[in-house]
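J.: Note that the protein sequences, when read in sequence, are chains A and B. Here our numbering = 1-based position in the first sequence + 39. Here our numbering = 1-based position in the second sequence + 132. Heads up, the beta-carbon is just placed ideally off N, CA and C, and yes, glycines get one too.
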Amino acid sequence: MSSKQVLSNAKPFKYIGKHRRAVEHQRFVLGQGHFAADIQRPGMLHVALISSPYASAKILSIDAKAALDMPGVVDVLSGEELWANVDATLPGVDAPHVTRYPLAGTHARYAGEWVAAVVATSRALAEDAAEWVNIEYEVLPHVVDPEEALLPSAPLVHPKHGSNVIFHRHFVWGEVDQEMAACTHQLSYRVKWARNSTVPIETFAVACEWSDAQGVMDVWASIQMPKFPDQVAKALRLPGNAVRVHFDVDVGGSYGVKRGLKHTILVAYLAKKLGRPVRLVEDRLENMRGGDMQGPDRIFDVTLGFEPDGLVKCMKMRALDDIGAYSGRSPLQLGKPVGAIVGPYTIHSVAYDAMAVMTNKTPQEAVRGFGQAPTNYAIESGMDKVARFLQMDRIALRKRNLIAPDQFPYLIPSGTHYDSGDYAVVFDKALKEANIEELIAKRDRLREQGILAGIGFSTCLEPSGGNSSFEPLFNPKNDTTTWMDSCLVRVDLSGSVTALMGTSSSGQSHETLVSTVVAEVLDRDPEGIRVLKADSLNALPSNSPVGSRMAIMLGGAAAGAAKKIKQKLMRLAAHHLKVREEELVYEGGAIHVASDPSRALTWAALIEIMHRKYHLLPPGMEPGLQEKFVWEVPTGGGLPTAEGRIQMYPCHSFESHVILASIDPGTFKVHIHRYVCGHDCGVMISPDVVHGMTYGGIAHGLGAALMEKFAYSEDGQLLAGTFMDYLLPSAHEVPEITIVDHCTPSPLTEFGQKGSGEAGYLGSPAAMASAINDALSPLGAHIDHLPMTPQALWQACASQSQALDAKHALTI
Amino acid sequence: MINKQAIQLRVNGTLYEREVEPRTTLVDFLRDELALTGTHVGCEHGVCGACSVMLNDEPIRSCCAFAVQVNGASITTVEGLAPQRGVMSKLQDAFCETHALQCGYCTPGMLVACHDLLQHTPHPTKEEVREAISGNLCRCTGYQQIVDAVMLATAPEGETHVK
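(1) What does threonine 209(B) reach in chain A if we use C-beta pairs closer than 8 Å?
(2) With 16 as the cutoff for other CB atoms within 10 Å, does histidine 696(A) come out buried or exposed?
(3) Starting from tyrosine 391(A), trace the beta strand (DSSP E) in both directions and tell me its first and last residue.
(4) How many angstroms separate the CA atom of leucine 300(A) from the CA atom of glycine 274(B)?
(5) Considering Cα atoms alone, identify which of Phe693(A), Val341(A), Arg439(A) and Gly118(A) is closest to isoleucine 778(A).
(6) Identify the contact partners of cysteine 196(B) in chain A, using a Cβ-Cβ distance below 8 Å as the criterion.
(7) Looking at the unbroken alpha helix (DSSP H) that takes in tryptophan 642(A), where does it start and where does it end?
(8) What three-state label does DSSP hand methionine 746(A) in the structure shown?
(9) Anything in the region 219 to 232 of chain B with a Cβ closer than 7 Å to a Cβ of chain A? List those residues in chain order, please.
(10) Going by alpha carbons, who is nearest to leucine 699(A) out of Glu566(A), Lys603(A) and Ala810(A)?
(11) What are the residues in the region 589 to 616 of chain A lying within 9 Å of chain B by C-beta distance?
(12) May I ask you to list the residues that DSSP assigns as paired with tyrosine 688(A)?
(13) For histidine 718(A), does the count of other Cβ atoms within 10 angstroms reach 16, so buried, or fall short, so exposed?
(14) Since I believe isoleucine 205(A) is in contact with proline 265(A) (beta carbons under 8 Å), could you give me their beta-carbon distance rounded to a whole number of angstroms?
(15) Would you mind reading off the limits of the beta strand (DSSP E) that contains threonine 498(A)?
(16) Excluding the five sequence neighbours on either side, which residues of its own chain have a C-beta within less than 6 Å of the C-beta of valine 556(A), listed in chain order?
(17) What distance in whole Å lies between the Cβ atoms of glycine 212(B) and glutamine 140(B), which are believed to be in contact at a cut-off of 8 Å?
(18) When the distance is taken between beta carbons, is aspartate 340(A) closer than 8 Å to arginine 229(A)?
(19) Might you give, ordered along the chain, the residues of its own chain that have their beta carbon closer than 6 Å to the beta carbon of glycine 279(A), omitting 5 neighbours on each side?
(20) Who are the near neighbours of histidine 710(A) in its chain, counting only those whose CB is closer than 7 Å to its CB and skipping five residues on each side?
(21) Three or more C-beta pairs closer than 8 Å, one from the region 135 to 150 of chain B and one from the region 160 to 172 of chain B: is that the case here?
(22) Check the Cβ-Cβ distances between methionine 807(A) and every residue of chain B, and say whether any is below 8 Å.
(23) Report the neighbours of valine 179(B) on chain A: residues whose CB is nearer than 8 Å to its CB, in chain order.
(24) Find the residues of chain B that neighbour arginine 60(A), judging by a C-beta separation of less than 7 Å, and give them in chain order.
(25) What are the residues of the region 87 to 98 of chain A that lie near chain C, defined by any Cβ-Cβ distance shorter than 8 Å?
(26) Tell me which residue opens and which closes the beta strand (DSSP E) that glutamate 149(B) is part of.
(27) Along the chain, where does the alpha helix (DSSP H) that runs through asparagine 124(A) open and close?
(28) Just the C-alpha distance for glycine 145(B) and alanine 182(B), rounded to the nearest angstrom, thanks.
(29) Return the CA-CA distance between alanine 837(A) and leucine 678(A), expressed in angstroms with no decimal places.
(30) In this structure, does DSSP put valine 729(A) in helix, strand or coil?
(31) If you follow the alpha helix (DSSP H) that threonine 246(B) is in, where does it begin and where does it stop?
(32) State the Cα-Cα distance for the pair valine 773(A) and proline 515(A), rounded to the nearest angstrom.
(33) Under 8 Å between C-beta atoms, does valine 728(A) make it to chain B?
(34) Can you tell me where the beta strand (DSSP E) holding phenylalanine 339(A) begins and where it ends?
(35) Using DSSP with H/G/I as helix, E/B as strand and the rest coil, what is serine 554(A)?
(36) Can you give, in chain order, each stretch of the beta strand (DSSP E) that sits fully within the region 744 to 796 of chain A and has at least 3 residues?
In structure tokens:
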């Protein structure tokens, strides 16, 4: 199934790229995972939340007397008390008046916002008591539509901020106006990406325990967040070394959203105040409505300038993103796509108008791809529209525009260099695997039977190696230029190897990644290498598994630490065997003289010297055996130019999708007949893991394309708060998928690896939309918004037939 | 506080006698009272399947059953699927082999659903596997490697996983 070009002249890998069982799996299949909701501490208290029933309201009074009199109830916390005792969290952009606290203060800004927290000896008792807390509200005007929120008449979500726009910048990269005017054709269109999210099966859970004696807050949380311990400490007004986040908690899925800052600040405050361990496990409605984990919600207005041969020369894109009522890092999700704003295409100049607007809806959080999947959908929709306009084959159109392999490193107008790629070949591989001629014939046979059938394509980028260059780009007051990750490798006296990482995992098999990489470098059996997740007080710096970064960053850090161990052993052996290091051969952890293999030191002997025989060490060598390595993102460290040009992420994976789908004429449900994904993420360290993430990412993208939407009523009520309204794809909706691998190594990373954590999701919504629009094309109908639900498809067909009827009537 | 009721049930072969509130769900009972935290809570309204356990010989959603309802019954949770300590079931082994899980949160429910399938369909087709797990949501895998795992676990002896 896979074809692989190994780096020329490189030694073939021993463990990298091979099938290997993930280290993590055994505990999960035996039911011995260690999730945040599994944390039980003696005397633990439980939290239930009371939410605002209104999209916008003033909180007039909170009467908790009756609730506090109930058995088992320990506390009822209001926003007023909390605001006086913790600091607000601030947005990732410069908007100091858009503050956020875990509980609403004087005003609730969305339906579902937490207004009070009830603490009791069991969750059931806390829920009982929550019903007896009387809260008086004064309902205020609200706004739920992002375009209405821009109007001068719109109610302000945060009046102190003075506008509903929290971020707006118009970037111009190149002579876009002149080039657009010079193009033979210009085509403008609007596409909409609906508010959906990653919706992990585990809701957010956190347990906190404060020790008066030690002055330490222990935190167990289902977390995936950069700089989480620091932010919790800051909000609690504690020194950083007073918060200990236990990263060995297994996280039940995240894909971006498990940020849980407000949850943790709330629970930690209660734990300190009450002097008892406190736990909050969101129920599903709390999660969907008040968990602040909804995703990008975007309207794209795009104009493409192109020539009759299909060459797209320039693009103007306006992206309006509805971030909801509060802001964390969400506006930055418009920033990350700057690093791949032209997709895999040679588009020469770009204007990008990025605007984040606040409405009275549940806040937006980071979602797999950090804004790239919606942008890819917008770009790919345009490629199809251009092809249709020119009556050109969609494959040929894409190939006309793909960056060629000899153009790398390729500088895009917005300042990022793409590291490497072979896009047309990866596209061709998918087309070949799908047997495109036969696929077209099959589509046409379905059409002959009166069925709406279509083929979809997408060719998309997955920027990887997660940097934070969008921070200084979107906030001049923030000059963060490092987004390091690190690893410590230790060899104990018995010769066993242990590696420490400093972040939690949510399904990415990091223990497998690190042990494979360390085994590769040290030439030791990976099965014997233990990988631990240090708690935040014992950990080296990490920026957590975001932005498809861990194969690159944690993999690079683990390799760096293991290489230092190896170098140390070589120095020791050279000293001991009285030869130069260049004369030595390292093999399987043992070292011998190349010209005389009988002069050798075994692994056990080397380790014994390191740990016990100081007199045999080279002068000045530190005894014991452990090394750390902190790695900066390759290509990182830069600040944006005045025009907003910046190297965003270092590495760029590529994926091509080919789909044959049909629409049931009775139910308008979409059926997928064939799904092929060509994928190139450089050297795969763990192919099973990469394939798994890609399958999962495709499934997630099919959900976004066809099913998932956090719908709101006009009065700002969430209409999709359960799994009966917010539909996730099941094994029936996700088809069998064929992945075709390709390997263009990255020149920037240790082994040639690129990232893959967001694979599949970045291209499947675009390809699905492409297939559906191809299916609708014989009717002359089209649909430019997600999700393409049966109802939406029926409406697209019905409005088209009405239009045809009207035209027919006019003709008569 | 509601009066508790005495119940007796066998879980993974061990007999337990406890007093529970009638409103305590089976999943909360298993997790909080018996410390069997392998069974997970996903949606609490019977859609996602993460809380699936075997009630006698049938899979049920333990978030939608009260502990008092299963008084006298025999329950098998994910902790009870392995034939003995230190040995994985064929299915568990196959899940590890094909990378049929990532975060591991839906896995206990998936294993229960697949275990149930194999009890009455020892050699299922891929379609039958998809049907059997269609009531269990997984957000990580896209289901493909789960189907692979069941096909591997049920492949005739000597036949290896094709991949």
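T.: Once the coordinates are examined:
(1) Taking the second sequence and counting its residues from 1, the one referred to as residue 209(B) is at position 77. Residues of chain A passing the Cβ test: Gly70.
(2) In the first sequence, the residue the question calls residue 696(A) occupies position 657. By the neighbour-count rule (16 or more Cβ atoms within 10 Å), histidine 696(A) is buried.
(3) One-based indexing of the first sequence puts residue 391(A) at position 352. Unbroken beta strand (DSSP E) run through tyrosine 391(A): 388 to 396.
(4) Translated into the one-based positions of the first sequence, residue 300(A) becomes position 261. Translated into the one-based positions of the second sequence, residue 274(B) becomes position 142. Roughly 29 Å separates the two Cα atoms.
(5) The sequence position of residue 778(A) within the first sequence is 739, counting from 1. The candidate whose alpha carbon is nearest that of isoleucine 778(A) is Phe693(A).
(6) Reading the second sequence from its first residue, position 64 is the one you call residue 196(B). Under the 8 Å cutoff, chain A gives no residues; its nearest Cβ is about 13 Å from cysteine 196(B).
(7) The residue given as residue 642(A) occupies position 603 in the first sequence. Counting along the chain, the alpha helix (DSSP H) containing tryptophan 642(A) begins and ends at 642 to 651.
(8) Stepping through the first sequence from its first residue, residue 746(A) is reached at position 707. Judged by DSSP in its simplified three-state form, methionine 746(A) adopts coil rather than helix or strand.
(9) Cβ contacts with chain A come from Met220, Gln224, Phe227, Cys228, Glu229 and His231.
(10) Reading the first sequence from its first residue, position 660 is the one you call residue 699(A). Per the Cα distances, Ala810(A).
(11) Here the close residues number zero.
(12) To locate residue 688(A), count along the first sequence from 1; it is residue 649. Looking at the DSSP assignment, tyrosine 688(A) forms no beta bridge with any residue, so it has no partner.
(13) The residue labelled residue 718(A) in the question sits at position 679 within the first sequence. Histidine 718(A) sits buried, since 16 or more C-beta atoms from the chains shown fall within 10 Å of its C-beta.
(14) Residue 265(A) sits at position 226 when you count from the first residue of the first sequence. Residue 205(A) sits at position 166 when you count from the first residue of the first sequence. So it is not a contact: roughly 20 Å between Cβ atoms.
(15) Here residue 498(A) refers to the residue found at position 459 of the first sequence. Unbroken beta strand (DSSP E) run through threonine 498(A): 491 to 503.
(16) Here the question's residue 556(A) lines up with position 517 in the first sequence. Scanning its chain for C-beta atoms nearer than 6 Å, with the 5 sequence neighbours on each side dropped, one finds around valine 556(A) the residues Gly594, Ala597 and Ala598, in chain order.
(17) As a working mapping, residue 140(B) is identified with position 8 in the second sequence. As a working mapping, residue 212(B) is identified with position 80 in the second sequence. Contact flag wrong, Cβ pair sits at about 17 Å.
(18) Residue mapping note: residue 229(A) aligns to position 190 of the first sequence, counting from 1. Residue mapping note: residue 340(A) aligns to position 301 of the first sequence, counting from 1. The answer is yes: Cβ separation under 8 Å.
(19) Within the first sequence, the letter at position 240 stands for residue 279(A). Taken in chain order, the residues that qualify are Asp269 and Ala272.
(20) As a working note, residue 710(A) is residue 671 in the first sequence. For histidine 710(A), the CB contacts under 7 Å within the same chain, skipping 5 residues up- and downstream, are Ala700, Ser701 and Asp703 in chain order.
(21) Contact between the region 135 to 150 of chain B and the region 160 to 172 of chain B is present: three or more C-beta pairs spanning the two stretches fall below 8 Å.
(22) For the purposes of this step, residue 807(A) is taken as the residue at position 768 of the first sequence. No, because no Cβ of chain B sits closer than 8 Å to the Cβ of methionine 807(A).
(23) On the second sequence, position 47 is the one that residue 179(B) refers to. Going along chain A in sequence order, the residues near valine 179(B) (Cβ under 8 Å) are Thr761, Phe762 and Met763.
(24) Along the first sequence, read from residue 1 onward, the residue named residue 60(A) stands at position 21. Near arginine 60(A) (Cβ distances below 7 Å), the residues of chain B are Cys228 and Glu229.
(25) No chain C is part of this structure, whose protein chains are labelled A and B.
(26) Residue mapping note: residue 149(B) aligns to position 17 of the second sequence, counting from 1. Here the beta strand (DSSP E) through glutamate 149(B) covers 146 to 152.
(27) Locating residue 124(A) in the first sequence gives position 85, where the first residue counts as 1. Segment 118 to 124, the alpha helix (DSSP H) holding asparagine 124(A).
(28) For this step, residue 145(B) is matched to residue 13 along the second sequence. For this step, residue 182(B) is matched to residue 50 along the second sequence. When rounded, the distance between both Cα atoms is 22 Å.
(29) Numbered from 1 along the first sequence, position 798 holds the residue referred to as residue 837(A). Numbered from 1 along the first sequence, position 639 holds the residue referred to as residue 678(A). The straight-line gap from Cα to Cα measures roughly 51 Å.
(30) Working through the first sequence from its first residue, we reach residue 729(A) at position 690. Valine 729(A) falls in the helix class under three-state DSSP.
(31) Counting from 1 along the second sequence, the entry for residue 246(B) is found at position 114. It is worth fixing the name first, because residue 246(B) is cysteine in this sequence and not threonine. Unbroken alpha helix (DSSP H) run through cysteine 246(B): 239 to 252.
(32) Translated into the one-based positions of the first sequence, residue 773(A) becomes position 734. Translated into the one-based positions of the first sequence, residue 515(A) becomes position 476. Valine 773(A) and proline 515(A) have their C-alpha atoms some 43 Å from each other.
(33) Mapped onto the first sequence, residue 728(A) falls at position 689. It does; some Cβ of chain B falls within 8 Å.
(34) If you number the first sequence from 1, residue 339(A) lands on position 300. Element bounds for phenylalanine 339(A): 337 to 345.
(35) For the purposes of this step, residue 554(A) is taken as residue 515 along the first sequence, with counting starting at 1. In the structure shown, serine 554(A) falls within a helical segment according to DSSP collapsed to helix, strand and coil.
(36) Every unbroken stretch of the beta strand (DSSP E) spanning 3 or more residues and falling wholly within the region 744 to 796 of chain A is given here in chain order: 777 to 781.
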